[in-house]
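Q:
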Amino acid sequence: MLVLLLIELAALAITPFGPVGQRYRYEHYLAQQSDTRTQQLDQQLTAGLKKYRQQPARLKQFKQNFVKQHYQAYALNPKFVLKAYPYQRDPDFWIGIMRQPGELRMQNRYVETAMLNRVRAHHKQPLDDWLGISYTRVSNIFNLERDYVSQIYSLGLIGMLLFVGPSLLLPAYALLQWWRRKSARLMALILASGFMVMAAFYSGNVLDFLTASLILAFIEGIMLKLANTKTAD
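Quick note: the sequence shown uses this note's numbering, first residue 924, plus one each step.
Written as structure tokens, this is what we have:
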């Protein structure tokens, strides 16, 4: 355990100098550049919204044209604007995204979550939070790159707990059993399942696919059997 702890501390120490830190700094720089380049467009948008606010038809047309002509200047993903949640259907949504700071609108996960929240808000079904809006509907918009959160949208809170909840509960149970009787094999399986759970949460698109689910089920099945074995190894 001491060795694992030292490895983890060393990894945390070098994180700011690794690819993750460099990517964050580069994305922050790009976001600042995007905000600078779109200042004039922001003024045009504000002027247009003010000019046509008393003319609903003209206002909607202005919003659609503005999104169509300038979404690339705001560094928005074309797949989002043109296909996942077309701007023609809801230009107000994309105008709202464009008015966000560059660091937000350039984050795919932020935009994906915003699109799903918008669809769920328009659906206006009280059971959506509990039973979801269906996997088909979510995948037709865009697969959210964050498992567990994605399942809450597609399956609802109840479905998420039933479908992927055990992958969280079993390692917690096994860890409790390990605390009572130290077992190197059990800890190895807990770490393996924990790494898969973290990968699913941080990268997404893991638990909805059969291969990864089977591997995780195999690991956690052995882990559960070992956790219920009274003899230490």
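Where a beta carbon is used, it is the ideal one built from N, C-alpha and C, also for glycine. A quick note: this is a predicted structure, and the numbers were derived from the prediction, not measured.
Phenylalanine 1016: buried (16+ other C-beta within 10 angstroms of its C-beta) or exposed?
A: Flag for phenylalanine 1016 reads buried.
Q: For serine 1090 and glutamine 956, what's the separation of their Cα atoms in angstroms?
A: Rounded to the nearest angstrom, the two C-alpha atoms are 41 Å apart.
Q: Which ranges does the beta strand (DSSP E) cover as unbroken runs of at least 3 residues, wholly within the segment 1050-1136, from first to last along the chain?
A: The segment 1050-1136 contains no whole beta strand (DSSP E) run of 3 or more residues.
Q: Would serine 1116 and proline 1094 qualify as a contact pair, given that the criterion is a beta-carbon distance under 8 Å?
A: Going by C-beta atoms, serine 1116 is nearer than 8 Å to proline 1094.
Q: Applying the 10 Å Cβ sphere with the 16-neighbour rule, what's the burial state of glycine 1019?
A: The residue is exposed, with fewer than 16 neighbouring Cβ atoms inside 10 Å.
Q: Alpha carbon to alpha carbon, how far is methionine 1110 from histidine 1046? Give it in angstroms, no decimals.
A: Roughly 45 Å between the two C-alpha positions.
Q: Between which two residues does the alpha helix (DSSP H) harbouring methionine 1038 extend?
A: Looking at the DSSP string, the run of the alpha helix (DSSP H) that includes methionine 1038 is 1031-1046.
Q: Quick check on the DSSP output: the alpha helix (DSSP H) that includes valine 990 runs from which residue to which?
A: Taken as a continuous stretch (DSSP letters only), the alpha helix (DSSP H) holding valine 990 covers 979-993.
Q: I'd like to check one pair, phenylalanine 989 with leucine 968: are the Cβ atoms closer than 8 Å?
A: In this structure, phenylalanine 989 lies closer than 8 Å to leucine 968 by Cβ.
Q: When DSSP labels each residue in this structure, what does arginine 1028 get in the three-state scheme?
A: Helix, per DSSP.
Q: Starting from alanine 970, follow the alpha helix (DSSP H) in both directions and report where the run begins and ends.
A: Start and end: 962-974.
Q: I'd like the span of the alpha helix (DSSP H) that includes aspartate 1015, first residue to last.
A: Aspartate 1015 -> alpha helix (DSSP H) spans 1014-1021.
Q: If the criterion is Cβ atoms closer than 8 Å, does the pair leucine 1039 and tyrosine 1076 meet it?
A: Cβ atoms of leucine 1039 and tyrosine 1076: closer than 8 Å.
Q: Using the beta-carbon count (16 or more within 10 Å), is tyrosine 947 buried or exposed?
A: Confidence at tyrosine 947 is low in this model, with a pLDDT of 48, below 50, so its placement is unreliable and no value can be given for it.
Q: CB-CB under 6 Å to glycine 1165, same chain, minus the five flanking residues each way: which ones, in chain order?
A: With the chain covering only 924 through 1156, there is no way to say anything about residue 1165.
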